[in-house]
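Here is the structure we will look at, set down as structure tokens.
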Amino acid sequence: MTIFTIFKRTALALSIAATPALAELPVLTIASQAGGTVAWELDTIRHHGFDEAHGFRLEIQEVAGKAAGQIAFQGGEVDVIVDDWIWVARQRAAGQDIAFIPYSRAVGGVMVPEGSTAQSLQDLAGQKVGIAGGPNDKSWIILRAYAAQQGFDLVAQTEQVYGAPPLIFRTALGGELGGAINFWHFMAKQEAGGMRHLISVADAAQALGMDPAMPLLGYVVQSALVAAQPDLVDAFASASRAAKTHLAAEAADWSRLRPLMNATDDAEFDMLVAGWRAGIPASGPVDEDSARAMFRLMVELGGEDLVGDATDLPEGVFVPLGS
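First residue of the sequence shown? That's 119 in the working numbering, and the numbers climb one at a time after it.
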């Protein structure tokens with residue numbers, strides 16, 4: 119028997135021995151929007167085996183958009199989706215028992231053209247302001263409240279232009295807007311294109327007495343899963359944290375992820391990396407007092423269209439990890 123034959127048989131035996139163990143790992147299926155920034159973290163978890171290292175296997179089901187993910191989640195086709203905790207609170211108030219695991223604190227803000235003389239929101243009076251989403255966009259609501267604190271009515275004293283993030287991005291870079299409110303990754307591209315920050319949502323939230331580091335976006339799971347398999351939910355959160363720690367320090371992995379990032383040049387790529395890293399939330403529990411204050415603001419300014427029947431932050435929105 120040759121050494122090569124012995125090697126092949128040994129490798130086969132090891133493969134067969136490992137297969138049952140791998141098959142026994144519990145599986146978590148997550149709906150991930152094609153082209154979304156969450157895919158960068160999920161790819162890192164899978165590529166480096168952070169899921170299996172924590173005792174489970176992550177499966178990714180691509181969906182066309184946010185609504186498709188919500189439908190798949192509510193229909194039991196996937197275990198995890200990505201959404202904000204405001205939506206989780208609304209669903210809990212309506213009787214759906216779901217909970218939130220923090221993913222990112224990256225938020226938007228207002229950007230203005232490179233040649234703009236604006237130094238504050240008040241300087242946008244009489245100008246067009248592009249808003250990614252609609253009138254109940256959470257960033258817009260926080261900025262409205264901040265402006266009101268400064269004695270300025272953003273709604274009455276500016277002209278709002280609502281649109282999808284890519285449209286606001288293109289319109290802003292084309293110089294057709296006095297200011298633009300967009301999602302963080304489009305803001306990174308706008309900055310690479312020469313626009314500058316006027317104010318961030320985090321700064322506005324802090325001025326309103328809220329925690330500027332509060333994660334708004336996260337992974338959403340059924341509370342029944344948390345109750346039945348708390349170790350699995352903790353393992354998923356730990357794998358997510360491991361991926362964040364890795365991406366915060368490793369430049370090589372970002373080069374590997376670059377094809378997923380839709381960066382048109384090095385400047386955009388660098389801004390996207392910096393923006394993603396800046397959005398990594400601190401470990402530990404969410405500041406629920408700050409979350410409650412933010413939710414009351416959403417109730418006041420967003421109303422039923424945004425929060426449904428909820429009048430205050432329901433109990434159980436945030437998963438008590440490690441408990």
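Heads up, the beta-carbon is just placed ideally off N, CA and C, and yes, glycines get one too. The structure presented is a predicted model; accordingly, all values stated were derived computationally and were not measured.
Looking from the CA of Thr147, the closest CA among Ala185, Ala182 and Ile199 belongs to Ile199.
DSSP places Ile286 in the uninterrupted alpha helix (DSSP H) bounded by Pro283 to Leu291.
A direct Cα-to-Cα measurement between Glu294 and Lys246 gives close to 8 Å.
A direct Cα-to-Cα measurement between Ala411 and Thr429 gives close to 12 Å.
Shortest Cα-Cα distance from Tyr280 to any of Val391, Leu334 and Ser257 involves Ser257. Considering only Ala310, Phe287 and Gly292, the residue with the shortest C-alpha distance to Ile299 is Phe287. Pro220 carries a strand assignment under DSSP once its states are collapsed to helix, strand and coil. The beta carbons of Val404 and Phe413 sit no closer together than 9 Å.
DSSP places His172 outside both helix and strand once states are collapsed to three, so it counts as coil. Ala157: member of the alpha helix (DSSP H) spanning Val156 to His165, first to last residue.
Rounded to the nearest angstrom, the Cβ distance from Phe174 to Ala353 is 5 Å, consistent with a contact under 8 Å. If you keep only unbroken beta strand (DSSP E) runs of at least 3 residues inside the stretch 170-250, you get 175-181, 198-202, 216-222, 227-230 and 246-250.
Pairing Gly393 with His303 gives a Cβ-Cβ distance under 9 Å. With fewer than 16 neighbouring CB atoms inside 10 Å of its own CB, Ser373 falls in the exposed class. According to DSSP, Gly297 shares a beta bridge with Val247.
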